[in-house]
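Student:
Number of protein chains: 2
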Amino acid sequence: MGQKIVIVGGVAAGPKAACRVKRLMQDAEVTIIEQDTLFSYGGCGIPYYVSGDVSDESELRSTSFHMVRNKDFFKDAKGVIVKSGTRAMAIDRKNKTVQVEDVASGEKSDIPYDSLMIATGSRPFILPIPGADLDGVFTISDLHKAIEIKDRIARQKVDKAVVIGGGAIGLEMAEAFKDLWGVETSVVEFMPQVLPRIVDKPFSSMLTKHMRDNDVDIFLGEGAEEIIGVDGKVTGLRTGNRTIDADLVVMAAGVRPRSEIAAEAGLQISPMGAIVVNERMQTSDPSIYAAGDCVEVMNLVTGKKAYAPLGSLANKEGRVVGDNMAGIPSTFKGCVGSFIMKAFDVCIGATGLSLDVALAEGFDADVALTAPSDRAHFFPTEAVVCFQMVFDRRTRRVLGVQGFGPMGDGISARIDAAAGYITMGATIEDFGNLEMAYAPPFSAAIDSINALAYVADNLCDGRLRKVGIDNFLAWMDDFSAEPEWVALDIRHPNEATPCVEKFGAGKWVAVPYNEIRKRYRELPTDKKLIILCDAGTRSFEIQSFLNSVEIRNTLVLSGGFSMLRRIGIDWDPA
Amino acid sequence: MGQKIVIVGGVAAGPKAACRVKRLMQDAEVTIIEQDTLFSYGGCGIPYYVSGDVSDESELRSTSFHMVRNKDFFKDAKGVIVKSGTRAMAIDRKNKTVQVEDVASGEKSDIPYDSLMIATGSRPFILPIPGADLDGVFTISDLHKAIEIKDRIARQKVDKAVVIGGGAIGLEMAEAFKDLWGVETSVVEFMPQVLPRIVDKPFSSMLTKHMRDNDVDIFLGEGAEEIIGVDGKVTGLRTGNRTIDADLVVMAAGVRPRSEIAAEAGLQISPMGAIVVNERMQTSDPSIYAAGDCVEVMNLVTGKKAYAPLGSLANKEGRVVGDNMAGIPSTFKGCVGSFIMKAFDVCIGATGLSLDVALAEGFDADVALTAPSDRAHFFPTEAVVCFQMVFDRRTRRVLGVQGFGPMGDGISARIDAAAGYITMGATIEDFGNLEMAYAPPFSAAIDSINALAYVADNLCDGRLRKVGIDNFLAWMDDFSAEPEWVALDIRHPNEATPCVEKFGAGKWVAVPYNEIRKRYRELPTDKKLIILCDAGTRSFEIQSFLNSVEIRNTLVLSGGFSMLRRIGIDWDPA
Chain A
15 MGQKIVIVGG VAAGPKAACR VKRLMQDAEV TIIEQDTLFS YGGCGIPYYV
65 SGDVSDESEL RSTSFHMVRN KDFFKDAKGV IVKSGTRAMA IDRKNKTVQV
115 EDVASGEKSD IPYDSLMIAT GSRPFILPIP GADLDGVFTI SDLHKAIEIK
165 DRIARQKVDK AVVIGGGAIG LEMAEAFKDL WGVETSVVEF MPQVLPRIVD
215 KPFSSMLTKH MRDNDVDIFL GEGAEEIIGV DGKVTGLRTG NRTIDADLVV
265 MAAGVRPRSE IAAEAGLQIS PMGAIVVNER MQTSDPSIYA AGDCVEVMNL
315 VTGKKAYAPL GSLANKEGRV VGDNMAGIPS TFKGCVGSFI MKAFDVCIGA
365 TGLSLDVALA EGFDADVALT APSDRAHFFP TEAVVCFQMV FDRRTRRVLG
415 VQGFGPMGDG ISARIDAAAG YITMGATIED FGNLEMAYAP PFSAAIDSIN
465 ALAYVADNLC DGRLRKVGID NFLAWMDDFS AEPEWVALDI RHPNEATPCV
515 EKFGAGKWVA VPYNEIRKRY RELPTDKKLI ILCDAGTRSF EIQSFLNSVE
565 IRNTLVLSGG FSMLRRIGID WDPA
Chain B
15 MGQKIVIVGG VAAGPKAACR VKRLMQDAEV TIIEQDTLFS YGGCGIPYYV
65 SGDVSDESEL RSTSFHMVRN KDFFKDAKGV IVKSGTRAMA IDRKNKTVQV
115 EDVASGEKSD IPYDSLMIAT GSRPFILPIP GADLDGVFTI SDLHKAIEIK
165 DRIARQKVDK AVVIGGGAIG LEMAEAFKDL WGVETSVVEF MPQVLPRIVD
215 KPFSSMLTKH MRDNDVDIFL GEGAEEIIGV DGKVTGLRTG NRTIDADLVV
265 MAAGVRPRSE IAAEAGLQIS PMGAIVVNER MQTSDPSIYA AGDCVEVMNL
315 VTGKKAYAPL GSLANKEGRV VGDNMAGIPS TFKGCVGSFI MKAFDVCIGA
365 TGLSLDVALA EGFDADVALT APSDRAHFFP TEAVVCFQMV FDRRTRRVLG
415 VQGFGPMGDG ISARIDAAAG YITMGATIED FGNLEMAYAP PFSAAIDSIN
465 ALAYVADNLC DGRLRKVGID NFLAWMDDFS AEPEWVALDI RHPNEATPCV
515 EKFGAGKWVA VPYNEIRKRY RELPTDKKLI ILCDAGTRSF EIQSFLNSVE
565 IRNTLVLSGG FSMLRRIGID WDPA
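From first to last, the protein sequence lines stand for chains A and B. In short: position in the first sequence from 1, add 14, done, that's this note's numbering. In short: position in the second sequence from 1, add 14, done, that's this note's numbering.
1) Output needed for W195 (chain B): all residues of its chain with C-beta closer than 6 Å, excluding positions within five of it in sequence on either side, in chain order.
2) According to a CB-to-CB cut-off of less than 7 Å, which residues of the stretch 45-74 of chain B neighbour chain A?
3) Does the stretch 482-498 of chain A come into contact with the stretch 456-473 of chain B, if we say contact requires no fewer than three beta-carbon pairs (one atom in each stretch) closer than 8 Å?
4) Does Q170 (chain A) come out as helix, strand or coil in the three-state DSSP assignment?
5) Taking R226 (chain B) as part of the alpha helix (DSSP H), name the residues at either end of that continuous run.
6) Can you name the residues of chain B whose CB is closer than 9 Å to the CB of S558 (chain A)?
7) Could you tell me the alpha carbon to alpha carbon distance between I429 (chain A) and V404 (chain A), rounded to whole angstroms?
8) Run down chain A in chain order and give the residues with a C-beta less than 7 Å from the C-beta of G363 (chain B).
9) In whole angstroms, what separates the C-alpha of C513 (chain A) from that of V500 (chain A)?
10) Closest by CA to G582 (chain A), which one among A:L502, A:D165, A:L221 and A:H80?
11) Name, please, each residue of chain B whose Cβ falls closer than 7 Å to the Cβ of R531 (chain A).
12) Let's test the definition: count the other Cβ atoms within 10 Å of the Cβ of D214 (chain A) and tell me whether it reaches 16, buried, or not, exposed.
13) Give the straight-line distance between the Cα atoms of S368 (chain A) and A427 (chain B), rounded to the nearest whole angstrom.
14) Give me the Cα-Cα distance between H80 (chain A) and A91 (chain A), rounded to the nearest whole angstrom.
15) Considering Cα atoms alone, identify which of A:E240, A:L281 and A:Q49 is closest to M103 (chain A).
16) Which term fits E236 (chain A), buried or exposed, when burial requires 16 or more other beta carbons within 10 angstroms of its beta carbon?
17) What distance in whole Å lies between the Cβ atoms of I46 (chain A) and V94 (chain A), which are believed to be in contact at a cut-off of 8 Å?
18) Apart from the five residues on each side of it in sequence, which residues of its chain come closer than 7 Å, Cβ to Cβ, to E186 (chain B)?
19) Whole beta strand (DSSP E) runs in the stretch 472-552 of chain A with 3 or more residues, listed along the chain?
20) Run through chain B and tell me which residues come within less than 8 Å of V474 (chain A), C-beta to C-beta.
21) State the Cα-Cα distance for the pair L466 (chain A) and G376 (chain B), rounded to the nearest angstrom.
22) Which residues bound the beta strand (DSSP E) around V114 (chain A)?
23) Within 9 Å (strictly less), CB to CB, does H506 (chain B) reach chain A?
24) Who are the neighbours of I429 (chain A) on chain B, taking C-beta pairs under 7 Å?
25) What are the boundary residues of the alpha helix (DSSP H) that T437 (chain B) is part of?
26) So R407 (chain B) and C474 (chain B) are in contact, right, with Cβ under 8 Å, and what is the actual spacing, rounded?
27) Report yes or no: do the stretch 304-311 of chain A and the stretch 270-288 of chain A share at least 3 C-beta pairs separated by less than 8 Å?
28) At a Cβ threshold of 9 Å, is A433 (chain A) touching chain B?
29) Below 7 Å on C-beta distance, what does D548 (chain B) contact in chain A?
30) Where does A158 (chain A) land, buried or exposed, given buried means 16+ other C-beta within 10 angstroms?
31) Determine the burial state of Q282 (chain B): buried for a count of at least 16 other Cβ atoms within 10 Å of its Cβ, exposed for fewer.
32) Are the CB atoms of V68 (chain A) and P386 (chain B) within a distance shorter than 9 Å?
33) In three-state DSSP terms, what is N561 (chain B)?
34) Verify the CB distance criterion: does G351 (chain A) have a CB-CB separation below 9 Å to chain B?
35) Is it true that the stretch 143-162 of chain B meets the stretch 239-259 of chain B, where meeting means three or more beta-carbon pairs spaced less than 8 Å apart?
36) Output needed for S136 (chain B): all residues of its chain with C-beta closer than 7 Å, excluding positions within five of it in sequence on either side, in chain order.
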């Protein structure tokens, strides 16, 4: 018998490493230790199991060729032993053993290893508020919880649900409750936006609007203060502002690395509690590897270690562990943090840094925004999408891209292309020339991501002067916020004239795009002109022209009305 | 008045450069010279106009905000003068003038320039065969031809059409004829596959099968020898093998650069007739720029100049011309040749080099193929896709990626991500870690492009030994082609047993994937085992295991039955 490989944790990174190392070293004895009885499942599929898109939980534990990944499967097909229902208690690094306990019997034993992998994953953060232990309060920590939630809904025990946390899992669960089951659903998010740190405000606002349009209540900037119950059962959630009735509360307030066993064994742990590993996924003990939600990884944009608990990364890291255990010096260099999410009929995606994060990290960051067609504008399935590029003004390096559009793979296409490019350190100019495959059913001749780079290029070189969306919306709420501003609406008169009538010619001037060159002398010159069109593109053209006739006190609203409508303004009479 | 900018050619690169330079230098006098009366149109949209997806030709000449890009539009909105119906006859470089002729009146005049751009595009290659001048024979050279074709079909003058040329335009036209109008349609391609040099044989075969399944006849390896007519009207096409009746013949046999005016002016021209430009799109005369289908560009994979007549590149190049004319030193470094095409319910895409081209270019090239799920296998809309990676064995650099799958943006997502990565010189290992945004509705935790890189990695390191598809199909046609081969079918018995019954136990052995570890002693050891599963993944696992029990005489069919079925085998009884 060859080397003894022991892997603690059987969900994503663990099984991937186990199968890979066994393939590479068939004589190795590979053992997975897993405290749960259900393992090797697609945790990211839980919202789709709860919604009913996936009818049976076993599908989440199956291969693409429809075999359930149970103990027999691992033994027979993979040659890997799974000790499920077995908890790893401690690591004895000197003697190279893992002390384990049978969860059912309490029986303890030691398992020797030559190489060990810690893939203990993460646990949901439990908010320290009263009522967290009431019946009907759930986290999405494992498949058992998911089964119980779905069972309660299917037995019609749930009329009203509250999700605490507006991150991806929380929003996906909210969609599952509402869309398939018609449960009255609310989301409570402590931060002033959903998906904080993942996308910036305009994009989170587009998502929030779409979810509200689909009858999910979303309360932003509200902390959950108490979960209320009667007779031990949850009846509602109290925030700083209100009490929301609920039969079911899901806490989706983020996750924390499960690193206790590593810490107790004296392995190096990061300040935020994740296991520290090198590019080969080795911990501070070279015969112990770690991967998945329990480790920190390099953020390839900031060059700093970060916590990125994503199933796709866990699999990549797991393969690198398997390789290295077998003597192949593969590396996992880090991540840029690609993200994508379905929400009813739309999707939202991001990669790299948001503007908020980029600024906090000290970049000289700015943002370009555009709202182009997702394919040739004459193709029947064309739709408007919104994209944003975060870039560093000094180096012109692209730091991140965000996208929002109809459900489908069109946003993925841009986010994925951007992710690879950002990994390689691409600049705005690189993105301008990024070669998106073009045919009218798939893209525009100038693809939305190229168009986005052009906006960034014009911004970066000072050719495009823009107004911030927040400032613009504040002015629309109350013109006195910027008394010197006047809107210059260059859309078709059918769209612009109603705005002039509503807001008055002192605040809203309408000259069509193609008449400005003839009629620019009509424009007020003692005011700042806020140039408005549908996407921002024509506005930039007009700004460029007005410069040449010495009307320089102008700003462009990037993304224009296409973006405003998705954010959900209620004042456009057009 | 500022500089005089003259641009010859008004379809894609020309108008892009004109508008860009005018925005940057508002005092410039920018003039487009265009021989046609219709200009600034999306030529790639012609098949969709002919099919009826786009109802009116003016939509191809409109902006996304529904203004027709006619002379007035260019003048009023863009500040650009278009002299349409005006042919550029010659360039006088010494005096910096362009001699032009009014097409209608024949009147000649000289237009002076400070900077000149040649954007004369391409012309269709006219096959030198008899009958090319018959009524009913068309090329897709401009919008007038498209209008006339559609008009004939709409007036029900076309029952049968033949397309000469199985490139993208030919196939898109064939779909247009068949899908929307029900015209009996054939495609004749001289090469032994459609999309030659763009994709390799397996992928062209998948596309051919799908088009044939949709009742488009495709004749491969057949040259068009004569177009037959009666009374001056086309009645059919004669190839080396047959005569096909037709009321309409479309010649789509490739395009050639229109570079005569540049050649006559003494500018440097490539051996294949394209205008030579540097990264700033300057010709050998620094005050003359060129862009679009009339120039050659750097292929970023081979490092050699190549001809890449694509509308998306024309726009990028045009912007670079505009920048440089205005003193901004932008560059267009070249292309990798991204390609995507819709065909009925599928799409096919490619970027970088095909295996054929890579080998011809002298790379130590090999190919990895896989047929995974396009998203989480448990997600309802999941479908099998086929991907291929061309790589250099010595450097491990990825040279190209091809994909085939259901119509949508899922193939684009992988092709686009690959294009950016290939541009940056990414290796197989980079592709293994390429961070595709993951959620079950969009991708698998191990995305298909990561899985593809893993196959390439295993191949490159000699861990995976594969059989070529052509060799395998030849053996299936006639077992005597490889008398020592035996298929090892590891699929479910429901799938494998019928094959054993059909082909006999001497040629077809069935042991399920998850029983091999127990039953490998049943396998014949005096034969070469060709391991077969659905995608190739399980076959590799089994090959790895069999190595360890000293059964090394095995080969894997990458892509497995999922790929075979798409190519269109007729012998699988399962």
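For glycine and all other residues, C-beta sits at the position ideal for the given N, C-alpha and C. These numbers come from a predicted model, not from an experiment.
Tutor: Well, looking at it:
1) Excluding sequence positions up to five before and after W195 (chain B), its CB lies within less than 6 Å of the CB of I167, all in the same chain and listed in chain order.
2) Going along the stretch 45-74 of chain B in chain order, one finds G56, C58, G59, Y62, D67, V68, E73 and L74 with a Cβ nearer than 7 Å to chain A.
3) Under the three-pair Cβ rule at 8 Å, the stretch 482-498 of chain A does not count as touching the stretch 456-473 of chain B.
4) Coil, per DSSP.
5) In the DSSP assignment, R226 (chain B) falls within the unbroken alpha helix (DSSP H) covering K215 to D227.
6) Per Cβ cutoff of 9 Å: K36, R37, L38 and Q40.
7) For I429 (chain A) and V404 (chain A), the distance between alpha carbons rounds to 13 Å.
8) G363 (chain B) reaches chain A at A451, counting residues in chain order whose Cβ is nearer than 7 Å.
9) Cα to Cα, the separation comes out at about 12 Å.
10) Checked all of A:L502, A:D165, A:L221 and A:H80; the closest Cα to G582 (chain A) is A:L221.
11) Ordered by position in chain B, the residues that pass the 7 Å Cβ test against R531 (chain A) are D90 and G93.
12) Result: buried.
13) One C-alpha to the other measures close to 21 Å.
14) So the two alpha carbons sit approximately 13 Å from each other.
15) Taking only the C-alpha atoms, the option nearest M103 (chain A) is A:Q49.
16) Within 10 angstroms of the beta-carbon of E236 (chain A) lie 16 or more other beta-carbons, which makes it buried.
17) 6 Å between Cβ atoms; contact.
18) Cβ within range, chain order: P61 and M355.
19) Those beta strand (DSSP E) runs which fall completely within the stretch 472-552 of chain A and span 3+ residues are 499-503, 522-524 and 542-546.
20) Residue identity differs from the one stated: residue 474 (chain A) is Cys in this sequence, not Val. Correct list: empty, because the minimum Cβ distance to chain B is about 12 Å.
21) Rounded to whole angstroms, L466 (chain A) and G376 (chain B) show a C-alpha spacing of 37 Å.
22) It spans T111 to D116 - the beta strand (DSSP E) in which V114 (chain A) sits, taken as one unbroken run.
23) So yes, H506 (chain B) belongs to the interface.
24) Counting only Cβ-Cβ distances below 7 Å, I429 (chain A) has contacts in chain B at A451, in chain order.
25) G424 to T437 is the extent of the alpha helix (DSSP H) around T437 (chain B).
26) Correct: roughly 6 Å between the Cβ atoms.
27) For the pair of segments examined, the stretch 304-311 of chain A was found to touch the stretch 270-288 of chain A: the number of CB pairs separated by less than 8 Å reaches three.
28) So, interface residue.
29) Chain A residues near D548 (chain B): F79.
30) Note that residue 158 (chain A) is His in the sequence shown here, rather than Ala. Answer is exposed; the Cβ neighbour count stays below 16.
31) Under this definition Q282 (chain B) is an exposed residue.
32) No, these two residues do not count as a Cβ contact at 9 Å.
33) Three-state result, N561 (chain B): helix.
34) Answer yes: the Cβ-Cβ gap between G351 (chain A) and chain B drops below 9 Å somewhere.
35) Segments in contact, yes.
36) Answer for S136 (chain B): V269, R270, P271, R272, D307, C308 and P323, listed in chain order.
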